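What follows is one structure encoded as structure tokens, with my remarks underneath.
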Amino acid sequence: MEQQYIRNFCIIAHIDHGKSTLADRLLESTSTIGLRDMKQQILDSLDLERERGITIKLVPVKMNYTAKDGREYVLNLIDTPGHVDFGYEVSRSLAACEGALLVVDATQGVEAQTLANAYMAVDQGLEIIPVINKIDLPSSRPDYVIREIEDVVGLDCDHVILASAKEGRGIGDILERVVEKVPAPVGDREAPLQAMIFDSVYDNYKGVICYIRVINGRIRPGQTIRFMATGGVFPVEEVGVFRPGFQPCDELAAGEVGYVVSNIKTVAEAHTGDTITDNGRPAASPLPGYRKVKPVVFCGFYPVERDEYPQLRDALEKLTLNDSSINFEPETSVALGFGFRCGFLGLLHMDVSKERLRREFGVELVATAPNVVYEVVSKDGEVIEAHRPSDFPEIGDIQEVREPVIKISLFVPTEYVGKVMKLCQDKRGTYVSMDYLAPDRVRLVYELPLAEFIIDFHDKLKSQTRGYASLDYEFIGLKAADLVRVDVLVSGEAADAFSFICHRDSAYHRGQAAVRKLKELIPSQLFEVPIQASIGKKVIVRQNVKALRKDVLAKCYGGDISRKRKLLEKQKEGKKRMKQIGRVSIPQEAFLAFLQVEEDEEK
Amino acid sequence: MKKNSSRSQKIGSSLGALSGSFSVYIHIPFCLRKCPYCSFFSVPSTPGESEKYLDLLKEEILFYRAFLGKGSEASTMYFGGGTPTMLTPDQWEDLLSFLGENIPISPSAEITVEANPESFTKRHADAWRKGRISRVSIGVQSFFDRDLLWLGRPHDASKACDAVRTAVREGFSVSADLMFGLGGQTLRSWASSVETALELGVEHISLYQLSIDEGCRWNSSPPSGRADGYSFYRWSQWYLPRKGFSQYEIASFSLPGRHSRHNTAYWRRDPVLGLGAGAWGFLGERRYRNEESLEGYASSVRTCGGSVAEIESVSGEKAAREAAVLLLRTKWGISFGDFSNRYGQAILGSIRDTLRREAPDDCFYESRDGLSLTPKGMRVANALWSLII
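Protein chains in written order, with my numbering: chain Z, 5 to 607; chain F, 3 to 391.
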């Protein structure tokens, strides 16, 4: 296909603004997929995505379309992931396109993430076609939303398309507009190969399948290719296009979108954003914009049944075959036994991964509360990466602690501005700016410690704005903060599983909450058990678990004796399985409950 | 049956190896109906069934008589159930005289029968006195109708009073069983039950918290509203000693010299010959159980004389630790001399170390000669035992 008849575009939309439905309509009206084969929202192929209504994995599709000018065009739709955790992936998807549909819900207006992605698309020079969706709804306010797009996104909305994906309205206009407005690709097909990977998946039969956009040159089976970032060299076994299933073809040339199979074993060897070139005739330089994504949120995954550790390891390995942004390494916990410390791009990424392990691999697991990685500078100038509280040096040896900080944009109806500002302040946010998007909507920008964000920011925001706020964030770097390690002492002995890092100002509250929780979780013992929270040597909170008052069930004659002995033996066994801290026995369940506890100290 | 036969032979020869005294437990498995919290073996009695059962019991007695060595005699005997008062006074006379003829019983033997208020009569008392019964243990549970209804007992408070009064008047040493931790029970009503028992002249009280074990009806659907037992138990430990009843065991209080010698035999791991369906015994470091169904018991006794269905050998360290736990049920506790003679010095040392290290000081007394639990120790005995088992 000649480049002038190719259009590569994507859809930018907020969750629930109808992206998937719109994509389905486009497929239908270009007869790319028969109605009979149509599962609702075909592009969200994972069950989980369909359930949550969000797209995590990109599934591109090639459509043939005969335009009003009588010519046949190829339209490549590259879907984008719809969550803040995947900002980099979105940027790579955009880089594979020349145009984007900006879909906005006619009843809701522009949301934070849509705006962030739209800006990104503008930055990358994409042609943006605004589409107002859901105009069939009685509460739709297209005029208002058009004004918002003009004011906030800065787009000319003279030719905005009013659509209802649900009712199929405006679909024809969209296709025409894509052909008309989105520029055709302009790569040099005779230049050395440069193809950008915008995603890769693992297939049991084919190995890793890279989704690529060919920018310059050509790629065909038999060719030997090189991955410019990782340096890997592989023979091309198959190339093809998305219909939306995999359909092999002879070659992919500049301007085209498709996939390449080349005997790669793990997705870690095919990074999103990497450039594929011809090994014999390499391009002078890779395509711009590549970076290696680094996980920012960490948590421990432990099998519920201790002997299921190997299954968990296998499942994690399989999961990372498909998602190289997850990393994991073995970890041992006094309370939970053997497990893994796993890193994710964000909270949702973590949740989804956990859910996939459960559903796709049948692994029941316990996840500890998420945390971030701190940078600790010790008095002698050494910089330590602290993944867990126990990595922190003694308080006297610490010069400075730095924590990851994000810049968060919140779109909030004016009536909730006060509450959201309070929330941000409670979460140690630093005010950056506030501007009115519309008379009744405000954009708030704060800098927020990531550690505070991942605890329960989403839930709190949702409940305090009744779900009317939307947010987007980006990672902006590390900042020094007055952070301390709070230790928990059980009967005078430090129990490191219970230590945590927090800001000095909230140490008392968090310590109080932790001690109170443990007081409920630790069963009465023969002795009174003091539970203390301390910073360094200084105790800040203390409560006692009262000593056992009564633990005896009376009668014991004849046959009771054996039964009773067995019962006691069982208790003793049970106690052996408990974690001993000094004379105190703490059951496994208490650790689980403590480690899984959502921070609820303010309630 | 072959296995039953060899097991019964084994138990028989253990009995034969005894030279001194032993205890006898006889199980009478009949009940009017089963209480929802009961996990003992019992069946509703039908006429003719009890007659047949007594014949089998006699056969079992004869089987063991053959093993009895010279000079060994029964020092305590206990008829438990079930409901022993489901047997008629005539049946009792018959059974007791048969026992007297076939088992040597010490002249000073303590012989106890469990009696339930709904079926105990003065005629039972007459038959028992003739048969040398000295002690009657009455399943009162409570002197409140409310509690008794809640427990599903077939008697009411006035029947309970009558039964205790009758037994006392007929000259028996009377014990009452009382239960706490019942739904809706208050400390006041519990206190009143205990006081009533004392006023009626009992010399012994067994008090225990309702426990819902495996094998009872309530196990699958426990009743709600059960009271926490602490205050009841604590109060009893304070009140009863003031009335002259000392706590000589976790669940037992008595006037001086009126403790149950039979139960004490269990806690000292003295030999017990168990007879009847579902009965437990302990002979020669072997704990055994008889067949638990009437059919099983019958066919086994008919074919081989005994009916031992299960034997558990308890020896070595296991036996020593079991002994320590049992001895610590009682106020006499562990006597260092006796204990190390029977179970060895090493294990005793280990038990003492564990307690010193892991138990609070106010939970046990330790002297040069022995070790026992304090009242506080008795309240948390389970936690202490699980340290040393």
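C-beta: ideal position from N, C-alpha, C; glycine also. Computed from a prediction, not measured in an experiment: that's the story for all the values here.
Query raised in the report: Quick one: what's got a C-beta closer than 6 angstroms to residue 104 of chain F's C-beta in the same chain, skipping five residues either side?
Result: Excluding residues up to 5 positions away in sequence, 63 and 67 lie with their Cβ nearer than 6 angstroms to the Cβ of residue 104 of chain F in the same chain.
Query raised in the report: Between which two residues does the beta strand (DSSP E) containing residue 289 of chain F stretch?
Result: For residue 289 of chain F, the enclosing beta strand (DSSP E) stretches over residues 288–292.
Report task. Drop a sphere of 10 angstroms on the beta-carbon of residue 262 of chain Z, count the other beta-carbons inside from all chains shown, and report buried for 16 or more, exposed for fewer. Result -> By the neighbour-count rule (16 or more Cβ atoms within 10 Å), residue 262 of chain Z is buried.
Requested in this report: Have a look at residue 102 of chain Z and residue 220 of chain Z and give me their C-alpha separation to the nearest angstrom.
Outcome: Computed Cα separation, rounded: 14 angstroms.
Query raised in the report: With a cut-off of 8 angstroms, does the C-beta of residue 31 of chain F fall near any C-beta of chain Z?
Result: No, its Cβ sits nowhere closer than 8 angstroms to a Cβ of chain Z.
Query - Three-state secondary structure (DSSP) of residue 240 of chain F - result: Here residue 240 of chain F sits in helix by DSSP.
**Report entry** Inter-residue spacing [alpha-carbon to alpha-carbon] between residue 124 of chain Z and residue 24 of chain Z
**Finding:** Taking the straight line joining both Cα atoms gives about 21 angstroms.
Report task. Give a yes or no on whether 8 angstroms exceeds the smallest Cβ distance from residue 563 of chain Z to chain F. Result -> For residue 563 of chain Z, the nearest beta carbon of chain F is closer than 8 angstroms to its own beta carbon.
Query raised in the report: For residue 315 of chain F, is the classification buried or exposed, using 16 other Cβ atoms within 10 angstroms of its Cβ as the cut-off for buried?
Result: By the 10 Å Cβ count, residue 315 of chain F comes out exposed.
Query raised in the report: Over what stretch of residues does the beta strand (DSSP E) that includes residue 557 of chain Z continue unbroken?
Result: No beta strand (DSSP E) contains residue 557 of chain Z, which DSSP labels as neither H nor E.
Query raised in the report: Count the other CB atoms within 10 Å of the CB of residue 6 of chain F; is the residue buried (16 or more) or exposed (fewer)?
Result: If you draw a 10 Å sphere on the C-beta of residue 6 of chain F, you find 16 or more other C-beta atoms in it, and that means buried.
Requested in this report: Buried or exposed for residue 108 of chain F, please, with buried defined as at least 16 other CB atoms from any protein chain shown within 10 angstroms of its CB.
Outcome: So residue 108 of chain F ends up on the exposed side.
Query raised in the report: Got a sec: is the Cβ-Cβ distance from residue 231 of chain F to anything in chain Z below 8 angstroms?
Result: Closer than 8 angstroms: yes.
**Report entry** Option nearest residue 341 of chain Z by Cα separation, candidates Z/582, Z/11 and Z/27
**Finding:** Residue nearest to residue 341 of chain Z within the set Z/582, Z/11 and Z/27 is Z/582 (criterion: CA-CA distance).
Query raised in the report: Is the shortest distance between the beta-carbon of residue 362 of chain F and the beta-carbons of chain Z less than 8 angstroms?
Result: By this cut-off, residue 362 of chain F is an interface position.
Report task. Alpha carbon to alpha carbon, how far is residue 36 of chain F from residue 561 of chain Z? Give it in angstroms, no decimals. Result -> Roughly 20 angstroms between the two C-alpha positions.
Report task. Evaluate residue 478 of chain Z with the Cβ neighbour count: other Cβ atoms within 10 Å of its Cβ, from every protein chain shown; 16 or more gives buried, anything less gives exposed. Result -> The residue in question, residue 478 of chain Z, is exposed, as its Cβ has fewer than 16 Cβ neighbours within 10 Å.
Report task. Would you kindly check if the distance between the Cβ of residue 147 of chain Z and the Cβ of residue 21 of chain Z is under 8 angstroms? Result -> Result no, Cβ atoms of residue 21 of chain Z and residue 147 of chain Z do not sit closer than 8 angstroms.
Requested in this report: Output yes or no for whether 8 angstroms exceeds the beta carbon distance between residue 331 of chain F and residue 236 of chain F.
Outcome: Between residue 331 of chain F and residue 236 of chain F, the C-beta gap is not smaller than 8 angstroms, which leaves the two residues out of contact.
Query raised in the report: Distance, Cα to Cα, residue 272 of chain F vs residue 341 of chain F?
Result: Their Cα atoms are separated by approximately 13 angstroms.
Report task. With residue 96 of chain F as the anchor, note down where its alpha helix (DSSP H) starts and where it stops. Result -> Segment 91–104, the alpha helix (DSSP H) holding residue 96 of chain F.
Report task. Under 6 angstroms Cβ to Cβ from residue 234 of chain F, same chain only, skipping five residues before and after it: list those, please. Result -> Closer than 6 angstroms at the Cβ level, and outside the excluded window around residue 234 of chain F, lie 182 and 192.
Query raised in the report: In this structure, what does DSSP give as the bridge partners for residue 247 of chain F?
Result: According to DSSP, residue 247 of chain F bridges with nothing at all.
Report task. Flag residue 555 of chain Z as yes if its beta-carbon sits less than 8 angstroms from any beta-carbon of chain F, otherwise no. Result -> Closer than 8 angstroms to some Cβ of chain F, the Cβ of residue 555 of chain Z qualifies, so yes.
Report task. Taking only the alpha-carbon atoms, compute the straight-line gap between residue 15 of chain F and residue 65 of chain F and give it to the nearest angstrom. Result -> Going by C-alpha positions, residue 15 of chain F is about 11 angstroms away from residue 65 of chain F.
Report task. Quick one: residues in its chain with C-beta nearer than 6 angstroms to the C-beta of residue 365 of chain Z, no 5 flanking neighbours on either side, listed in chain order? Result -> Cβ within range, chain order: 319.
Query raised in the report: In the DSSP assignment, what residue or residues form a beta bridge with residue 285 of chain F?
Result: Residue pairing for residue 285 of chain F: DSSP places it in a beta bridge opposite F/288.
Query raised in the report: According to the neighbour-count rule (16 or more other Cβ atoms, all chains shown, within 10 Å of its Cβ), is residue 35 of chain Z buried or exposed?
Result: By the Cβ-count criterion, residue 35 of chain Z is exposed, with fewer than 16 other Cβ atoms from all chains shown falling within 10 Å of its own Cβ.
Query - Counted within 10 angstroms of its Cβ, other Cβ atoms place residue 14 of chain Z as buried (16 or more) or exposed - result: By the neighbour-count criterion, in which 16 or more other beta carbons inside 10 Å mark a residue as buried, residue 14 of chain Z falls on the buried side.
**Report entry** alpha helix (DSSP H) segment containing residue 38 of chain F, residue limits
**Finding:** Run containing residue 38 of chain F: none; DSSP gives neither H nor E here.
Query - Below-8 angstroms beta-carbon distance, residue 220 of chain F vs any chain Z residue - result: The beta-carbon of residue 220 of chain F is placed no less than 8 angstroms from the nearest beta-carbon of chain Z.
Query raised in the report: Quick one, which of F/321, F/144 and F/303 has its alpha-carbon nearest residue 60 of chain F's?
Result: Residue F/303 is the option with its Cα nearest to residue 60 of chain F.
Query raised in the report: For chain Z, is any of its Cβ atoms less than 8 angstroms away from the one on residue 331 of chain F?
Result: Residue 331 of chain F belongs to the set of residues whose beta carbon lies under 8 angstroms from a beta carbon in chain Z.
Query raised in the report: Excluding the five sequence neighbours on either side, which residues of its own chain have a C-beta within less than 8 angstroms of the C-beta of residue 4 of chain Z, listed in chain order?
Result: There is simply no residue 4 of chain Z to check, as chain Z begins at 5 and stops at 607 in what is shown.
Query raised in the report: Does the segment 294–312 of chain F come close enough to the segment 79–92 of chain F that 3 or more CB-CB pairs lie under 8 angstroms?
Result: Contact between the segment 79–92 of chain F and the segment 294–312 of chain F is absent, because fewer than three Cβ pairs lie under 8 angstroms.
Report task. Take the Cβ of residue 79 of chain Z as the centre, count every other Cβ of all protein chains shown within 10 Å, and call the residue buried at 16 or more, exposed below. Result -> Looking at its Cβ environment, which holds 16 or more other Cβ atoms inside 10 Å, residue 79 of chain Z is buried.
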